[in-house]
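Student:
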Amino acid sequence: MNEIEKIDARVKKELLLKDYKGKDRIVYAEEKRKELEDEKGLIPPFRAKVDTIPTLNWCTDGFRKQQLVIVSGPPKNGKTELCATFTASFIKQQKKCLWLPFEGMYEELFARFDTLDFYIPNYMETGRISWVEDKIIEAKQKYGTEIVFIDNLDFLRDPTAMREMRGISTNYATYVGSLVQSIKEIAVSQNILIFLMSHITKNKWTSNNLPNAEDLRDTGQTAQLADIVMMIIRKRSTQANEVYEGSKAIMGVMENRLNGRTKKIPLNLQGKVFVEIDDTKESVKQNEVEQEWDIP
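Residues in the sequence shown are numbered from 0 upward in steps of one, following numbering that gives the first Met the number 0.
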């Protein structure tokens with residue numbers, strides 16, 4: 000292409016874009032704000048809260064659609080139980096949930112609930128991202144699901160991304176980052192709330208200090224792409240002959256893009272539900288479960 004042809008192509012492109020009216024066209028910000036306000040007026044506000052963990056509600060102001068929430072911690076330390084607690088609260092709020100339980104059998108999942116008022120695939124395929132997206136769309140169109148739990152990140156696969164990265168200087172962390180980005184894009188495009196369970200780098204955790212976002216397995220991009228990162232560990236006993244202190248656990252909101260609020264929250268597994276406890280009094284805050292907290 001000579002110089003005249005380049006100029007001609009540029010002019011044609013400029014004229015085409017000047018009249019462009021596609022969905023991603025450039026618009027005036029104030030007009031977009033008014034459009035969003037009008038849409039909010041037509042749609043009831045969505046807030047998913049956890050009635051047994053009031054401090055979490057203070058941190059999050061209620062979970063929102065289009066958010067990606069990472070739930071992480073050492074193996075066998077309560078990630079699935081915590082998400083089951085969330086599900087139980089959301090069911091009470093008449094919010095419809097979908098579970099994609101890649102880790103474990105259906106029987107193991109069902110045993111964590113008192114009621115099974117949520118949705119699952121009849122058969123769990125391998126965790127191809129395209130299949131995950133299809134199941135989320137199917138559940139939304141058939142049943143109106145708004146919240147999705149994926150257990151867990153290690154089972155997700157994206158053959159397309161692998162092919163595209165072939166021959167490019169990259170590593171597994173970059174690939175995992177692309178998986179997390181795909182899940183975030185699904186949350187936004189489908190206007191749903193997604194909880195994605197993930198492991199940390201260490202299989203053994205012998206401290207009562209919570210892992211931080213940098214301890215997420217395989218990639219720092221996971222924390223960067225997520226809206227909220229939460230960690231949970233079982234509380235370790237100070238007694239020589241005991242590993243854990245009963246059914247107590249510690250969860251933490253480690254990263255929070257929405258408002259920056261972070262907290263460590265002591266919990267106790269009561270039956271099949273985690274309940275926030277007053278760690279200074281060693282008693283459950285029964286009367287404060289339904290209250291909105293204003294924590295300094």
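Virtual Cβ for every residue (Gly too), placed ideally from N, Cα, C.
Classify S197 as helix, strand or coil using the three-state DSSP reduction.
Tutor: The answer is strand: DSSP assigns S197 an E or B state.
Student: What first and last residue would you give for the beta strand (DSSP E) that runs through V302?
Tutor: Past the boundaries of the shown model lies residue 302; the chain is included only from 0 to 295, so the question cannot be answered.
Student: Evaluate contact between the stretch 64 to 80 and the stretch 198 to 216, counting only Cβ atoms and requiring at least three cross-stretch pairs below 8 Å.
Tutor: The stretch 64 to 80, when compared against the stretch 198 to 216, does touch it at the 8 Å Cβ threshold.
Student: DSSP on D302, reduced to helix/strand/coil?
Tutor: Summary: the structure shown does not reach residue 302, with the chain confined to residues 0 through 295, and so no result is reported for it.
Student: Nearest to Q92 by alpha carbon, out of A8, M250 and P44?
Tutor: It is P44.
Student: How about the stretch 105 to 112 and the stretch 76 to 83: do they share at least three Cβ pairs that are nearer than 8 Å?
Tutor: Yes, since at least three Cβ pairs between the stretch 105 to 112 and the stretch 76 to 83 fall closer than 8 Å, the two stretches touch.
Student: Does the distance from the C-beta atom of I135 to that of L195 stay below 8 Å?
Tutor: Cβ atoms of I135 and L195: not closer than 8 Å.
Student: Near E213, what residues of its chain come up, given a Cβ to Cβ distance below 7 Å and the 5 sequence neighbours on each side ignored?
Tutor: Excluding residues within five positions, the ones whose Cβ falls inside 7 Å are G219.
Student: Let's test the definition: count the other Cβ atoms within 10 Å of the Cβ of G143 and tell me whether it reaches 16, buried, or not, exposed.
Tutor: Exposed, by the Cβ-count rule.
Student: So the beta strand (DSSP E) G296 belongs to, where does it begin and stop?
Tutor: Within the shown structure, residues of the chain are numbered from 0 to 295, placing residue 296 beyond reach of any answer.
Student: According to DSSP, is F273 part of a helix, a strand, or is it coil?
Tutor: In this structure, F273 counts as strand in the three-state DSSP scheme.
Student: To the nearest angstrom, how far is it from the Cα of E29 to the Cα of Y19?
Tutor: If I take the Cα positions, the gap works out to 20 Å.
Student: Please report the straight-line C-alpha distance between L55 and V49, rounded to a whole angstrom.
Tutor: So the alpha carbons of these two residues sit roughly 7 Å apart.
Student: Give the range of the beta strand (DSSP E) segment to which D150 is assigned.
Tutor: Counting along the chain, the beta strand (DSSP E) containing D150 begins and ends at I146 to D150.
Student: Could you give the distance in angstroms between the alpha-carbon of I128 and the alpha-carbon of A186?
Tutor: Each residue's Cα considered, the two are about 13 Å apart.
Student: Does DSSP classify D69 as helix, strand or coil?
Tutor: Residue identity differs from the one stated: residue 69 is Ile in this sequence, not Asp. Strand, per DSSP.
Student: Pick out whichever of L15, A47 and C58 has its Cα sitting closest to the Cα of I264.
Tutor: For I264, the nearest C-alpha among the options comes from C58.
Student: Quick one: what's A47 bridged to in DSSP?
Tutor: The partner list for A47 (beta bridge, DSSP) reads F62.
Student: Using three-state DSSP, classify W204 as helix, strand or coil.
Tutor: Looking at W204 - three-state DSSP - the assignment turns out to be coil, as it is neither helix nor strand.
Student: Should V242 go down as buried or exposed, given a rule of 16 or more other Cβ atoms within 10 Å for buried?
Tutor: Classification of V242: exposed, given that the 10 Å Cβ count is below 16.
Student: Where do the ends of the beta strand (DSSP E) carrying L108 lie?
Tutor: Here L108 belongs to no beta strand (DSSP E); instead the alpha helix (DSSP H) covers Y105 to F109.
Student: To the nearest angstrom, how far is it from the Cα of T237 to the Cα of K139?
Tutor: So the alpha carbons of these two residues sit roughly 47 Å apart.
Student: What first and last residue would you give for the beta strand (DSSP E) that runs through L97?
Tutor: Segment C96 to P100, the beta strand (DSSP E) holding L97.
Student: Looking at the structure shown, is L298 part of a helix, part of a strand, or coil, going by DSSP?
Tutor: Since the first residue of the chain shown is 0 and the last is 295, residue 298 is not available in this structure.
Student: Please state whether DSSP places S168 in a helix, a strand or coil.
Tutor: Its pLDDT being 49, under 50, S168 is placed unreliably by the model, and nothing is read from it.
Student: Which residue from F154, T114 and T205 puts its Cα closest to that of K271?
Tutor: The shortest C-alpha separation from K271 is found at T114.
Student: Take T125 as the anchor and find which of E102, S88 and I6 has the nearest alpha-carbon.
Tutor: Checking every option, the nearest Cα to that of T125 belongs to E102.
Student: In terms of alpha-carbon separation, which member of A83, K31, E38 and V10 lies closest to V274?
Tutor: The option with the nearest alpha carbon to V274 is A83.
Student: Please report how far the alpha carbon of M230 lies from the alpha carbon of L215, in whole angstroms.
Tutor: The alpha-carbon atoms of M230 and L215 are separated by roughly 10 Å.
Student: Taking DSSP as the reference, what is the three-state secondary structure of R216?
Tutor: In the structure shown, R216 sits in coil (DSSP, three-state: anything other than H, G, I, E or B).
Student: May I have the straight-line CA-CA distance separating A248 from R46, to the nearest angstrom?
Tutor: Approximately 25 Å between the Cα atoms of the pair.
Student: Applying the 10 Å Cβ sphere with the 16-neighbour rule, what's the burial state of E38?
Tutor: Under this definition E38 is an exposed residue.
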